[in-house]
Amino acid sequence: TGTLELSDPISIPISLELIGGIINNDENLLTFPSGSFVTGGSNSSHVNGRIRKVGNTTFTYPFGNDGFYAPLTTSALGGAATQHFTGRYFHVNPDDVPYNRNSKEASLGIINECEYWEFVNTNSTAIPTLTMTWSSDRTCPIDDFNEFVVTQWNGTQWIDLGQASLSGDANSGSVRNSPVSPLPSPS
C-alpha cells in the first residue's frame, strides 16, 4: 500500500503485480519490454503516469489517475516485437487541455467531460484494436452506455473510431473500436 514515486524512467523486465499502492511516474516513462506483463489493478493500485509497451502481444495498460483505475487494452499486433505504443490516462475534462469537446464529427454525441486517454504510436506500423473501460465512479455523463464509442482527437476534432463490441451496463463496462485509421505519431 502507499505510493511509489518514480523520479527516473524505469523498465519492468518481466512482470508487475499491482495488489496495493499507486505508482506515480508522471512523465518518467514506465516501459514494459516485449514479453513482460501486468497482473492486478484497481482504484487503489495502478500507474499514474506515462506507460510504454514494447512488443506485439495483447496488453492491458494499468492506467489510473486521481484515485481511479482506467485500464486500456490493445490487441495483439503481429509484426516486429520492437514496435511500441505509449499512453497515459487523465481524470480531467479534455476541454482543459484543450481538446474541445464540441469540435467533433457529426456522428458523435456527447464527448466524456471527466476523462480521456492519450495513446500514441511511438514506433509501429500496426493499427491496434483498443478496448477502453468506463465506470460510474469516474466516467461522466453516462446517459446511455449503449451509445459509447471509441473516439480519437485528430488535432482539430474528435473522430469516431466506432464500436465493434460493447459489454457491461450503466455502472461499468468496456467498448472496443474498429480500427479505421492509424493512431497519431508524436511530431
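Heads up: the sequence shown begins at 1 in our numbering, then just goes up one per residue.
C-beta atoms are modelled at their ideal positions from N, C-alpha and C, and glycine is treated no differently.
Measuring CA to CA, which of the options is closest to residue i?
| i | options | result |
| --- | --- | --- |
| leucine 6 | Gly67, Asp26, Ile12 | Asp26 |
| tryptophan 153 | Gly168, Ser167, Leu72, Val97 | Val97 |
| serine 203 | Asn171, Leu16, Ser178 | No answer is possible for residue 203: the residues shown for the chain start at 1 and end at 187. |
| glutamate 113 | Val54, Asn100, Pro71 | Asn100 |
| threonine 82 | Val47, Asn56, Arg138 | Asn56 |
| threonine 151 | Asn171, Asp137, Ser167, Ser103 | Ser103 |
| threonine 58 | Gly41, Phe37, Gly64 | Phe37 |
Go ahead and label residue i buried or exposed: buried means 16 or more other beta carbons lie within 10 angstroms of its beta carbon, across all protein chains shown.
| i | result |
| --- | --- |
| serine 124 | buried |
| alanine 70 | buried |
| glycine 209 | No statement about residue 209 is possible, as the shown extent of the chain runs from 1 to 187 and does not include it. |
| threonine 86 | buried |
Apart from the five residues on each side of it in sequence, which residues of its chain come closer than 6 angstroms, Cβ to Cβ, to residue i?
| i | result |
| --- | --- |
| leucine 29 | Pro9, Arg50, Arg52 |
| glutamine 163 | Val149, Val175 |
Between which residues of its own chain and residue i is the CB-CB distance below 7 angstroms, once the five residues before and five after are set aside?
| i | result |
| --- | --- |
| serine 11 | Thr31, Pro33 |
| aspartate 160 | Glu105, Ser107, Leu108, Val149, Thr151 |
| serine 165 | Arg176 |
For residue i, which residues of its own chain have a beta-carbon under 8 angstroms away from its beta-carbon, when the five flanking residues on both sides are left out?
| i | result |
| --- | --- |
| glycine 78 | Asn56, Ala126 |
#### Entry: Runs of beta strand (DSSP E) wholly within the stretch 116-183 (minimum 3 residues, chain order)
The stretch 116-183 contains these whole beta strand (DSSP E) runs: 116-123, 130-135, 151-153, 158-160, 165-168, 172-176.
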